[in-house]
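Single-structure report; data block below.
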Amino acid sequence: MRTQLWGCLALGAGLALAPALALGNTTTGDDHTQVGKASWYGREHAGHRTASGEAYDPEGLTAAHRTLPLGTVIEVSAHGQVVQVRVNDRGPFVKGRVLDLSAAAARVLGLDRTGTAVVNIRPTGAVCPANRACDAAPQLVAEAGSP
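Numbering (mature numbering (1 follows the signal peptide of the UniProt record, and there is no 0)), first residue to last: -22 to -1, 1 to 125.
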């Protein structure tokens, strides 16, 4: 009986983790850092409405994320570079991806050359609503590991 109980618990835990593992989506530590594959929006989407209601601007430092609240400022790192972007859309809707970046943010991180990359995503704690001034405006941060 005890063996069956442990077997059911193990199976349940495995099923609960399966979606996250299938997407390559992991959260590490208490800082809510997420690691996963990112891609970027092409310029052909310029002017299309995002989930926040604003028009997509390829030169803005923005991103699409499935679950983070709209307006959340996140720090994204890849290829030794770090950039802060504001979540203003929902997506990506491609299996295995956790973030879609604007063309400008992709350029900073080198994704414009590679198409996709594994990124680290960390919410900064700042929230900047759409079409409003924000003290914590998204920005190019620095090379990863730089003082």
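By construction, the Cβ of each residue, glycine as well, lies at the ideal position given by its N, Cα and C atoms. On a predicted model such as this, the values are computed, not experimentally measured, just so you know.
Check: Let me know the secondary structure DSSP gives Ala42 once reduced to three states.; Outcome: strand
Check: What residue ranges within the region 50 to 86 form continuous beta strand (DSSP E) runs of no fewer than 3 residues, ordered along the chain?; Outcome: 50 to 56, 59 to 67, 75 to 79
Check: Where does Arg27 fall in DSSP's three states?; Outcome: strand
Check: Which word fits His43, buried or exposed, when buried means at least 16 other C-beta atoms lie within 10 angstroms of its C-beta?; Outcome: buried
Check: Identify whether Thr102 lies in helix, strand or coil by the three-state DSSP scheme.; Outcome: strand
Check: Using alpha carbons as the reference points, say which of Leu39, Val65, Val13 lies closest to Val105.; Outcome: Val65
Check: Would you kindly work out how many angstroms separate the C-alpha atoms of Ala24 and Tyr34, rounded to a whole number?; Outcome: 5 Å
Check: Could you spell out where the beta strand (DSSP E) holding Thr11 opens and where it closes?; Outcome: 11 to 18
Check: For Gly7, name the three-state secondary structure that DSSP assigns.; Outcome: Here Gly7 scores only 47 on pLDDT, less than 50, and its place in the model should not be relied on; the value that follows carries that caveat. Looking at Gly7 - three-state DSSP - the assignment turns out to be coil, as it is neither helix nor strand.
Check: Taking the alpha carbon of Asp90 as the point to measure from, which residue in Thr102, Ile99, Thr50, Glu37 has its own alpha carbon closest?; Outcome: Glu37
Check: Tell me whether the beta-carbon of Leu77 lies closer than 8 Å to the beta-carbon of Ala41.; Outcome: yes
Check: At which residues does the alpha helix (DSSP H) containing Arg91 begin and terminate?; Outcome: 89 to 92
Check: Applying the criterion that 16 or more other CB atoms from any shown protein chain within 10 Å of the CB defines a buried residue, is Pro47 buried or exposed?; Outcome: exposed
Check: Comparing alpha-carbon positions, which option in Ser80, Arg110, Val97 lies nearest Ala16?; Outcome: Val97
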